[in-house]
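Chemist: Take a look at the following structure, please.
There are 2 protein chains.
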Amino acid sequence: MKILEERIREEGLILSDTVLKVDSFLNHQVDTELALQIGQEFKMIFGHLPVTKVLTVEASGIQFAMAAGIALKVPFIYAKKKKAITQSEDVYSAPVHSFTRQEHYRISISQKYLGPGDKVLIVDDFLATGAALVGLADIVEESGAELLGVGCVIEKSFQEGRSLLEKRGIPVHALARIASMAPGEIHFIDNTADIEEMIKESAGC
Amino acid sequence: MKILEERIREEGLILSDTVLKVDSFLNHQVDTELALQIGQEFKMIFGHLPVTKVLTVEASGIQFAMAAGIALKVPFIYAKKKKAITQSEDVYSAPVHSFTRQEHYRISISQKYLGPGDKVLIVDDFLATGAALVGLADIVEESGAELLGVGCVIEKSFQEGRSLLEKRGIPVHALARIASMAPGEIHFIDNTADIEEMIKESAGC
């Protein structure tokens, strides 16, 4: 997504070869117009699939799950993060280890809102180590719903998240794929061809 | 907002005379269509004011701040919650005491995204004790921005949040105002007249 890559080049703060801050327009202050365009892009990629619900995790996935839900005209669910080990009976939950923050937590969703018959698109802001996304995929599996794909806004392709998901047979698409970065420079993987392929498929070509 | 009151009657779970769960359509699973209508309602109420930014607090305010941002065509910012006492120098922050969860935390936003010249609308899902909203109002004040109003989706009018904000001269509007509730029954304050007055003002009548 060219417009997204441009914004990352212009406004992203690259603090190290693994840490990129995009909080001026994506995940602290949010450009609502861009968020809606991101939702439309997810629709172009996944719109040919019979998605019934979008799933994300609080907090920074919410704006993009909402944008995807708006574009696909379906509700979204955000999993809650809890430090507590206690596991309630009426939730699906999964443990997550955050490498960035070096902390363990559980993500959970109410069993009332996901089950067999649901077809799920998982959406999040970043795909990096994949920890939270694998947790969300576990929750979908536990619920008996079908996982149709994972859509992320930004992928750090040099980390293992994508391969963890693809190993499980989950289709993964990211709107901006970073090949490598370092303070002052950033290189994207050109995924225009992949996306165009998906869009053609989506259009029934 | 009649459609909202109806959904609360149909789907809200009243667990006690103070606890209302609306997580099937507002703050866990989110009806994106209704969220957009809520954004439009905020526009009808606050659209005559020169809002430059919408401000909320993670996580459950995000979908409504985004809806308001979409309707008003402005960006939104979500304050981060941290248990940590440590206060960084480059943020505006305020302490919050959650009565529901009996916990203290700080909310903060980057100083880069709010300052003199900004005109702010604060949006959140619930107005009850007002703790988080007063914290957000403190942050706006500290930043030198102007606070134009507070818009909440649901107000528990029997708690003190509104009076804490109005005492400071802040205009407060809630889309569904609960006068009282108990398991099996809920009573709303009819605020149609107030809202219509605001809409007329907004339309320049």
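Residue numbers (the UniProt record's numbering), protein chains in the order written: chain A, 1 to 205; chain B, 1 to 205.
Where a beta carbon is used, it is the ideal one built from N, C-alpha and C, also for glycine.
Residues of chain A with CB under 8 Å from residue 105 (chain B), in chain order?
Modeler: What residue 105 (chain B) touches in chain A: nothing, since even the nearest Cβ is about 12 Å away.
Chemist: From the DSSP output, read off the bridge partner residues of residue 113 (chain B).
Modeler: According to DSSP, which records beta bridges pairwise, residue 113 (chain B) is partnered with nothing at all.
Chemist: Based on the DSSP output, what are the partners of residue 136 (chain A) in its beta bridges?
Modeler: Answer is none; residue 136 (chain A) lacks a bridge partner.
Chemist: Count the other CB atoms within 10 Å of the CB of residue 75 (chain B); is the residue buried (16 or more) or exposed (fewer)?
Modeler: So residue 75 (chain B) counts as buried.
Chemist: Alpha carbon to alpha carbon, what distance is there between residue 101 (chain B) and residue 120 (chain B)?
Modeler: Whole-angstrom Cα-Cα distance: 28 Å.
Chemist: One question on the structure: do residue 170 (chain A) and residue 149 (chain A) come within less than 8 Å of each other, judged by their Cβ atoms?
Modeler: The answer is yes: Cβ separation under 8 Å.
Chemist: DSSP on residue 170 (chain B), reduced to helix/strand/coil?
Modeler: Residue 170 (chain B): coil per DSSP, three-state reduction.
Chemist: Buried or exposed: which applies to residue 130 (chain A), given that a residue is buried once 16 or more other Cβ atoms fall within 10 Å of its Cβ?
Modeler: Residue 130 (chain A) comes out buried.
Chemist: Could you check whether the Cβ of residue 169 (chain A) sits closer than 8 Å to any Cβ belonging to chain B?
Modeler: For residue 169 (chain A), the answer is no, since every Cβ of chain B falls outside 8 Å of its Cβ.
Chemist: Is there contact between the stretch 55 to 68 of chain A and the stretch 52 to 60 of chain B, where contact requires at least three CB pairs shorter than 8 Å?
Modeler: Enough Cβ pairs lie closer than 8 Å, so yes.
Chemist: With C-beta atoms as the reference, is residue 77 (chain A) less than 8 Å away from residue 43 (chain A)?
Modeler: It is not a contact, given that the beta carbons lie outside the stated cut-off.
Chemist: Can you grab the Cα-Cα spacing for the pair residue 16 (chain B) / residue 190 (chain B), in whole Å?
Modeler: One C-alpha to the other measures close to 22 Å.
Chemist: DSSP beta-bridge partners for residue 79 (chain B)?
Modeler: B:57, per the DSSP bridge assignment.
Chemist: Can you check which of these residues, A:180, A:41, A:92, is closest to residue 107 (chain A) by C-alpha distance?
Modeler: It is A:92 whose Cα lies nearest to the Cα of residue 107 (chain A).
Chemist: Since I believe residue 154 (chain A) is in contact with residue 176 (chain A) (beta carbons under 8 Å), could you give me their beta-carbon distance rounded to a whole number of angstroms?
Modeler: That belief holds up - the Cβ atoms of residue 176 (chain A) and residue 154 (chain A) are roughly 5 Å apart, short of 8 Å.
Chemist: Have a look at the DSSP bridge pairing and note the partners of residue 188 (chain A).
Modeler: Answer is A:178.
Chemist: Could you list which residues in chain B have their beta carbon closer than 9 Å to that of residue 58 (chain A), in chain order?
Modeler: Chain B residues near residue 58 (chain A): 58, 59, 60, 62.
Chemist: Name the two residues that bound the continuous alpha helix (DSSP H) containing residue 158 (chain B).
Modeler: That residue, residue 158 (chain B), is in no alpha helix (DSSP H); it is neither H nor E in DSSP.
Chemist: At the 8 Å Cβ level, is residue 66 (chain B) part of the contact set with chain A, yes or no?
Modeler: Yes, contact with chain A.
Chemist: Closest to residue 162 (chain A) by CA distance: which of A:126, A:118, A:99 is it?
Modeler: Cα-wise, what sits closest to residue 162 (chain A) is A:126.
Chemist: Any beta carbon of chain A sitting closer than 8 Å to that of residue 69 (chain B)?
Modeler: So yes, residue 69 (chain B) belongs to the interface.
Chemist: Which same chain residues end up closer than 7 Å to residue 24 (chain A) when comparing Cβ atoms and leaving out the 5 residues on each side of it in sequence?
Modeler: These residues qualify, in order along the chain: 11.
Chemist: Can you check DSSP and say which residues form a bridge with residue 10 (chain A)?
Modeler: DSSP lists no partner for residue 10 (chain A).
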